[in-house]
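I have placed the structure first, in the form of structure tokens, so that the comments after it can refer back to it.
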Amino acid sequence: MKTLFVTGGAGFIGAHFVRYWLSANPQDSIITYDALTYAGNLASLADVIENHTGRHTFIQGDIRDKEQLVELFKHYRPDYVINFAAETHNSRAVLSPTLFFETNVIGTQQLLQAAVDADIPHFHHISTCEVYGDLALKSDQAFLETSAYQPNTPYSASKAAADFAVRAYAKTYQLPVTLSNACNNYGPFQYPEKLIPFFVTSLLRGRNVLIYENSHYCREWLHVEDHCRGIERVLKTGQLGETYHIGSGFERSVQQVADHLLACLGESESKKQPVPDRPGHDRRYLLNSEKIQKTLGWRPQIPFTEGLADTVAWYQNHSDWWEPLVAAAEVREDAW
Ligand SMILES: NC(=O)c1ccc[n+]([C@@H]2O[C@H](COP(=O)([O-])OP(=O)(O)OC[C@H]3O[C@@H](n4cnc5c(N)ncnc54)[C@H](O)[C@@H]3O)[C@@H](O)[C@H]2O)c1
């Protein structure tokens, strides 16, 4: 019987993780802690809140609030603290970098300090492939867990600095930590500013798909449920002090994803509208995920075409979830 304290659990991946863990681990309970920024949404947890009253508690709070965190840690005595909380949208980071450093760096450091003060037995931090910078489009390289950090954007720099804070707290204060870097996730409940839901919800609203000029730039795509299973594997069988990559190895360019979505929704090529690239737009990321595959036996299970078709269908059937979000916080992809 384990207790998990999940920060950022009302966001895209965090909410999937909470739902997945409660159903896969029926003895365990979860405290979801989330500031409910524009990206946090209790509607993403509605079924969890309804079906798991005894095993799930939601607390609204900010990872920068160390005092509250220490109190909560001492009260709930979690076996795991898992940090998903972050500002996550690259385009917003270009326009408002300070918030990204405040949340992602200072917030993570305050959470780490609270974990030290309350003797948390296992702290897991969620990171990204973007901390390594980018790869040439035509190369057979992939990032290893030991590759140098070379972030290019305010978002990836803030995530990189957070990872260094995790490392420093492990080395200096002997906080038991694990860390995972994942590639681009997709699936239901992803905020409509992110590439796949941005394209899908634009098309569902009869709009054009705004596509950066460098649409041949490439990403590695992972279904969010495969990511959650990977994190579970790291928590249960990973080595403390280690970092694990969680990637699918499945690469598609932005152009290819757009074409796939246009075909899924029966729309024509003319819906693609080029806009100038975001400054610092990385060309390509690819994780080498052999370590988690060989040492922990994790493999992605959901093929991209299947996962993407299900995701498109989910957005078609859940306009009640995404329409208010589009109206509340539309991001300008041509603001530079
Ligand atoms: N989405 C991806 O493709 C991807 C890939 C790799 C890694 N990641 C990482 O996974 C994590 C989750 O990403 P996501 O896509 O679910 O993000 P998201 O933006 O959907 O959710 C972030 C959540 O964090 C909460 N939050 C923000 N600031 C907070 C604060 N100060 N205190 C408490 N809560 C706060 C928000 O309310 C929101 O619920 C992030 O750390 C991100 O860097 C994401």
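Using our numbering, you'd call the opening residue of the sequence shown number 1 and step up by one each time. Here a beta-carbon is modelled for each residue, glycine too, at the ideal position from N, C-alpha and C. Model, not experiment: these values are computed from the prediction.
Given 7 Å as the limit, tell me if residue i has its C-beta closer than that to any heavy atom belonging to ligand 1.
| i | result |
| --- | --- |
| Phe199 | no |
| Asp163 | no |
| Phe143 | no |
| Thr88 | yes |
| Ala39 | yes |
| Thr128 | yes |
| Tyr217 | no |
| Arg283 | no |
| Tyr191 | yes |
| Ala10 | yes |
| Lys351 | The structure shown does not extend to residue 351, since the chain is modelled only from 1 through 336, so no value can be given for it. |
| Gly187 | no |
| Ile30 | no |
| Lys159 | yes |
| Phe101 | no |
| Gly14 | yes |
| Phe84 | yes |
| Gly107 | yes |
| Asn184 | yes |
| Asn63 | The question names Asn, but residue 63 is Ile in the sequence shown. Yes, ligand 1 has a heavy atom inside 7 Å of this Cβ. |
| Thr311 | no |
| Thr7 | yes |
| Ala170 | no |
| Leu36 | yes |
Helix, strand or coil: how does DSSP classify residue i here?
| i | result |
| --- | --- |
| Cys129 | helix |
| Asn185 | strand |
| Ser289 | coil |
| Arg167 | helix |
| Asn41 | coil |
| Ile59 | strand |
| Phe143 | strand |
| Arg284 | strand |
| His89 | coil |
| His227 | helix |
| His124 | strand |
| Asn317 | helix |
| Ile13 | helix |
| Glu232 | helix |
| Gly266 | coil |
What residues match up with residue i in a beta bridge as DSSP calls it?
| i | result |
| --- | --- |
| Ser253 | Cys218 |
| Pro274 | Ile211 |
| Ile410 | Because the chain here runs from 1 to 336, residue 410 falls outside it and cannot be looked at. |
| Thr32 | Val6 and Phe58 |
| Ala80 | The residue asked about is misnamed: residue 80 is Tyr in this sequence, not Ala. Beta-bridge pairing links Tyr80 to Leu4. |
| Val177 | Phe123 |
The stretch 101-121 contacting the stretch 157-165, beta-carbon criterion three pairs below 8 Å: yes
Any 3 or more C-beta pairs closer than 8 Å across the stretch 281-297 and the stretch 236-254: yes
At least three beta-carbon pairs within less than 8 Å, the stretch 121-129 to the stretch 51-58: no
Cβ contact check for the stretch 66-75 and the stretch 44-55: 3 or more pairs under 8 Å: no
Cβ pair count under 8 Å reaching 3, the stretch 206-220 against the stretch 267-286: yes
Inter-stretch contact (C-beta, 8 Å, three-pair minimum) for the stretch 177-195 and the stretch 6-21: yes
Validate contact between the stretch 132-139 and the stretch 147-154 using beta carbons, cut 8 Å, 3 pairs: yes
Three or more C-beta pairs below 8 Å linking the stretch 140-149 and the stretch 256-276: no
Touch test, the stretch 21-40 against the stretch 1-11, Cβ-Cβ under 8 Å, three pairs minimum: yes
Cβ pair count under 8 Å reaching 3, the stretch 225-245 against the stretch 192-203: no
Segment contact, 8 Å Cβ cut-off, at least three pairs: the stretch 174-184 with the stretch 109-121: yes
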